[in-house]
Amino acid sequence: MEKIILTGDRPTGRLHVGHYVGSLKERVRLQNSGLYDKIFIMIADAQALTDNAEHPEKVRENILEVALDYLGCGIDPEKSTIFIQSMIPELTELTFYYMNLVTVSRVQRNPTVKSEIQMRNFEASIPVGFFCYPISQAADITAFQATDVPAGEDQMPMLEQCKEIVHKFNTVYGDTLTEPEIVLPDNSACLRLPGIDGKAKMSKSLGNCIYLSDEPDEIKRKIMSMFTDPNHLAVSDPGTVEGNPVFTYLDAFCRTEYFSGYLPEYHDLDELKDHYRRGGLGDVKIKKFLNNVIQSELAPIRERRRMWEKRIPEVCEILRHGSETAQMAAARTLHDVRAAMRINYFEDTSWVENHIRGAI
Ligand code: TRP
Numbered sequence: 002m003e004k005i006i007l008t009g010d011r012p013t014g015r016l017h018v019g020h021y022v023g024s025l026k027e028r029v030r031l032q033n034s035g036l037y038d039k040i041f042i043m044i045a046d047a048q049a050l051t052d053n054a055e056h057p058e059k060v061r062e063n064i065l066e067v068a069l070d071y072l073g074c075g076i077d078p079e080k081s082t083i084f085i086q087s088m089i090p091e092l093t094e095l096t097f098y099y100m101n102l103v104t105v106s107r108v109q110r111n112p113t114v115k116s117e118i119q120m121r122n123f124e125a126s127i128p129v130g131f132f133c134y135p136i137s138q139a140a141d142i143t144a145f146q147a148t149d150v151p152a153g154e155d156q157m158p159m160l161e162q163c164k165e166i167v168h169k170f171n172t173v174y175g176d177t178l179t180e181p182e183i184v185l186p187d188n189s190a191c192l193r194l195p196g197i198d199g200k201a202k203m204s205k206s207l208g209n210c211i212y213l214s215d216e217p218d219e220i221k222r223k224i225m226s227m228f229t230d231p232n233h234l235a236v237s238d239p240g241t242v243e244g245n246p247v248f249t250y251l252d253a254f255c256r257t258e259y260f261s262g263y264l265p266e267y268h269d270l271d272e273l274k275d276h277y278r279r280g281g282l283g284d285v286k287i288k289k290f291l292n293n294v295i296q297s298e299l300a301p302i303r304e305r306r307r308m309w310e311k312r313i314p315e316v317c318e319i320l321r322h323g324s325e326t327a328q329m330a331a332a333r334t335l336h337d338v339r340a341a342m343r344i345n346y347f348e349d350t351s352w353v354e355n356h357i358r359g360a361i
C-alpha cells in the first residue's frame, strides 16, 4: 500500500510556535524521511469559512501567510503538494455523500466540536456548515487515500470520526476508502504548547502566541514577559518546573548542545531543572536561556520565509500547481466512490439495460 500524508491548517492567521512543535516540525521530518509516496498539505480555507462566513477577507488574506509559514519551515514544494482546499470541488461532493453516514448526535458528541461551539458562543445557533466540518475533514483525508495525518493532539477526535466514516462507507458500499492514522509528536511538551501567559493553549484570540514570523526583538519581549511559577518570588525560593511554561518550552525546543553555547554552567536540562527546584536560580536567567534557544530555532525559519516573501508570484504558482495536482488525485477517489455507490450512471449503464430488458 502506498504511504500518503494529508494534513492542513485553517488560514485564519499566521502560524505560531505551537503549530510548529505540534505538527509542522513533524511534517518536515516525515517529508524528508523519504518514506512517503505522496504528501499533500492543505490550506483549509473552506473549513475556515465555516466560522468566518462574514469575513472571507480574513481567510483570503491569510492564505499566503500560511503558505509562507509552510515554506519557511521547510515544506519543500518539490516533495510536498501544497494546495488550497476550496479549489478542489470534489471535496464538497464527497462531504455530501458522507453526511448520510453520520448522525447528528455523533457530531454533537465530538469533543473538538463541543469545545469550539462553546468558545465561539455558538450554543444557541450553530451554522450547519460549521457543524458538518468534521465530515468535510473526513472528505479531505479520504480524498487523498491518506494513510498518515500529522496533526496536533486537538485533531484526535476528528481522526476518530473520519475512521468511523471510512468503516461505514466500506461496510455499506464495499472496500473503497483508506483508514488513516494520526501522527503525533512523541515529545509530550510538543503536544500542547501553553501560551506565554501560561494558559493551556497558544491561540491567536488569547493574544499569547509567539509567531514564526515574529522579529527577534518581539520574540525576546514575549519571552521575558512569560508567566512562570507564581510562587517563585525570590531567586533563593524553590521553584516548580511542572506546568511552568518556561520549562515546557525548554522541553519542547531545547537541544543539549545549546548548553555549551549559552549556559555552560549546566550540562543538560535535568541539571537546570534540579537547580530551579532547589532554589537559587532566577527566572530572568532561564528566560534569557530560553530566548537564545528559541531565537536559534526560529532564525532559519524566518530567514527562509523572508526569502519567499520576495517571490510571491512564485508562491502563488506553487499553490496553483499544487491545487491542480491535488484536484486530479481527489477526482480519482471520487470516481471510485461513485462507482462503489453505483451512482456512476453513464459509466455503468446496466440500470438502463435492465430497464429495457424488463420492458420487453
Ligand atoms: N482542522 C484543522 C485545523 O483546525 C485543519 C484541517 C482541515 C485538517 N482538514 C484537515 C487537518 C485534514 C488535518 C487533516 O487547523
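Here our numbering is used: the first residue of the sequence shown is 2, the next is one more, and so on.
Backbone N, C-alpha and C fix where the C-beta goes; we use that ideal spot for every residue, glycine too.
Owing to the predicted nature of the structure, the values given are computational and were not obtained by experimental measurement.
query	result
Could you give the first and the last residue of the continuous beta strand (DSSP E) run that contains residue 7?	5 to 10
Going by DSSP, what residue range makes up the beta strand (DSSP E) through residue 82?	82 to 85
Should the segment 274 to 292 be regarded as contacting the segment 51 to 63, the criterion being three or more beta carbon pairs within less than 8 Å?	no
In the DSSP assignment, what residue or residues form a beta bridge with residue 329?	According to DSSP, residue 329 bridges with nothing at all.
Mind the definition here: the segment 29 to 48 touches the segment 143 to 151 only if three or more C-beta pairs lie below 8 Å; say whether that holds.	yes
Please list the terminal residues of the continuous alpha helix (DSSP H) segment that includes residue 228.	Looking at the DSSP string, residue 228 is not in any alpha helix (DSSP H), and its letter there is neither H nor E.
Could you tell me if residue 250 is buried or exposed, where buried requires 16 or more neighbouring beta carbons within 10 angstroms of its beta carbon?	buried
Determine the DSSP secondary structure at residue 149, reduced to helix, strand or coil.	strand
Below 8 Å, can you find three or more Cβ-Cβ pairs linking the segment 82 to 89 to the segment 317 to 328?	yes
Measuring only the C-alpha atoms, how far is residue 201 from residue 227?	14 Å
If I'm right that residue 157 touches residue 183 with Cβ under 8 Å, what's the distance once you round it to whole angstroms?	6 Å
Count the CB pairs spanning the segment 132 to 151 and the segment 212 to 224 that are closer than 8 Å, and state whether there are at least three.	no
By the 10 Å Cβ neighbour count, where 16 or more other Cβ atoms means buried, how is residue 91 classified, buried or exposed?	buried
Quick check on this structure: which residue in 203, 17, 236 has the alpha carbon closest to the alpha carbon of residue 362?	Here the chain covers residues 2 to 361 and nothing more, so residue 362 does not appear.
From the DSSP output, in three-state form, read off residue 203 for me.	coil
Within the same chain, show all residues whose beta-carbon is closer than 6 Å to that of residue 197, passing over the 5 residues directly before and after it, in chain order.	209, 223, 227
Looking at residue 46 and the ligand TRP, is the gap between the Cβ and the nearest heavy atom below 7 Å?	no
Could you check whether the segment 56 to 69 touches the segment 302 to 320, counting it as contact only if at least three pairs of C-beta atoms, one from each stretch, sit closer than 8 Å?	yes
Quick one: does the C-beta of residue 120 sit closer than 7 Å to a heavy atom of the ligand GDP?	Looking for the ligand GDP in the displayed structure turns up nothing; the ligands present are the ligand TRP.
If we count the other Cβ atoms within 10 Å of its Cβ and call it buried at 16 or more, is residue 229 buried or exposed?	buried
Where DSSP assigns a beta bridge to residue 43, which residues make up the other side?	9, 84
Does the contact criterion of 3 or more C-beta pairs under 8 Å hold for the segment 167 to 181 versus the segment 327 to 344?	yes
Could you check whether the Cβ of residue 344 sits closer than 7 Å to any heavy atom belonging to the ligand TRP?	no
Taking all protein chains shown into account, do 16 or more other C-beta atoms lie within 10 angstroms of the C-beta of residue 248, making it buried, or fewer, making it exposed?	buried
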